[in-house]
Amino acid sequence: MDVTILKDSDAVAAAGTDLLRGVLRQKPNAVLGLATGRTPLAMYQRLIAVCCDEGFSFRDVTTFNLDEYIGLSPDDPQSYRAYMKRELFDHIDIDQGNTFLPECATETDPLDVGPAYEALIRSRGGIDLQVLGIGHNGHIGFNEPTSSLKSRTRIKTLTRETISANKQYFKDPAAQPQLAVTMGIATIMDARRIMLLATGKEKAEAVRQTIEGPVSAMCPASILQMHEAVSVLLDEAAASALTLRDYYDWIAEQKLRIAGNTEGR
Ligand code: F6R
C-alpha cells in the first residue's frame, strides 16, 4: 500500500484530484468507480473547478458507483443518484447516460440487480480507478464487517452503526433505508487501481486496522492489503493511530529524494 499522510482534508482532496487527473490524462475514456458520503465531497468540488480547462474532460468517462439504497427513487434527494448529480455529474461534461449506480427500480427484483451490475462493469472493460471512503467500522461500499472477502454486488443489510452514522441526512428517521445494493469486496478488488481517502479522527482506528491490522472480514477494508495498486490518502487526524508513522514519513522522504534525483532526466 502506498500511504500518504497530508496535513489536512484539503490537501487530501488536492492529492486525490491529482491522482484522478493523472489517470484521465493517460486514459481519457477511463472507467471510474465512485463513492458518496462526506469524504469525497471536497475532491468533487475540485474536479468541478478544473473540469474542462487544459483539455481535462469527463466527456468519454464511464462511472460506476459503489452503492445505492433500496427503496429510494432516483429523484429522492437522499438517493445516491441524486447525491452524484448534485455534487458532481450536473457540473461536469460527463454523459450521464454513462453513469451507473446499482439502482433497484420498483419493478426490478433486487436479487437481479447485483449480477446485472457485475455484467455491466465487465461489458465496459472493468474499473480503472476505484475511489473509496471508509466507514468507522472499516466498511468499504456497504460491505459491513463479516462481509465475505469474495463477495460480489448484492443486497446488504446495513449495521445499526452505519444507519446511525448516516441518520443526519434523513429528516424522517422512518424514511431511512436499512438495505442497500453494494459492489462486493471482490468487485472492488477487481479494479486496476484503488484510491482510499480518509479524513478525521473518527476514522483513525479503522485506518489503523486497514493498513496495519490483520486481513480480516471484521475490517473489510483490510483486504486492500492484498491489492497491488492501492493509494491511501490520509489527513493527520485519520493517520493518528498508525503505529509505523515514522516509517511512512521515511518512505515519503525517500520518494522526494528519488523524484529530485530523476527530475530533468
Ligand atoms: C459511500 C460508501 C461508504 C462511505 C463510508 C464513509 O458510497 O460506499 O462506504 O464511503 O461510509 O462515509 P463518509 O465519507 O460519509 O464518512
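Position one of the sequence shown corresponds to residue 26 (my numbering), numbered consecutively onward.
Glycine residues also receive a C-beta, built at the ideal position from the N, C-alpha and C atoms.
All of these numbers come straight from a predicted model, not from anything done at the bench.
Using the C-alpha atoms, what's the distance from L97 back to T178? Answer to the nearest angstrom: the Cα atoms are 18 Å apart.
Would the beta-carbon of K175 fall within 9 Å of that of G151? Against a cut-off of 9 Å, the Cβ pair of G151 and K175 comes out as no contact.
Separation of D100 from Y273, as counted between CA atoms: In a straight line, the C-alpha of Y273 is about 44 Å away from that of D100.
From which residue to which residue does the alpha helix (DSSP H) around T207 run? T207 -> not in any alpha helix (DSSP H); beta strand (DSSP E) instead, spanning L204 to T207.
A229 and A266 look like a contact to me (Cβ under 8 Å); what is the Cβ gap, rounded to whole Å? Sure, about 4 Å apart at Cβ, within 8 Å.
Cβ pair D27, V255 closer than 9 Å: Going by C-beta atoms, D27 is nearer than 9 Å to V255.
Cα-Cα, which of K192, I146 and S104 is closest to A216? The residue from K192, I146 and S104 with its alpha-carbon nearest to that of A216 is I146.
When you compare only the Cα positions, how much space is there between K192 and A205? When the Cα atoms are used, K192 and A205 turn out to be separated by approximately 15 Å.
Sorted by chain position, which residues of the same chain lie with C-beta nearer than 8 Å to G163's C-beta, five sequence neighbours on each side aside? The answer, listed in chain order, is P170, A231, Q234, T235, M243, C244, P245, A246 and S247.
Best match in A60, T133, L66 and A211 for proximity to N90 [C-alpha to C-alpha]: Per the Cα distances, A60.
Residues near V240 by beta carbon distance below 8 Å, same chain, minus five either side: Cβ neighbours of V240 beyond the five flanking positions: L174, S247, I248, Q250 and M251.
C-alpha distance - L154 paired with A141, whole-angstrom precision: The straight-line gap from Cα to Cα measures roughly 20 Å.
Return the CA-CA distance between D197 and Q103, expressed in angstroms with no decimal places. Rounded to whole angstroms, the separation of the alpha carbons of Q103 and D197 is 11 Å.
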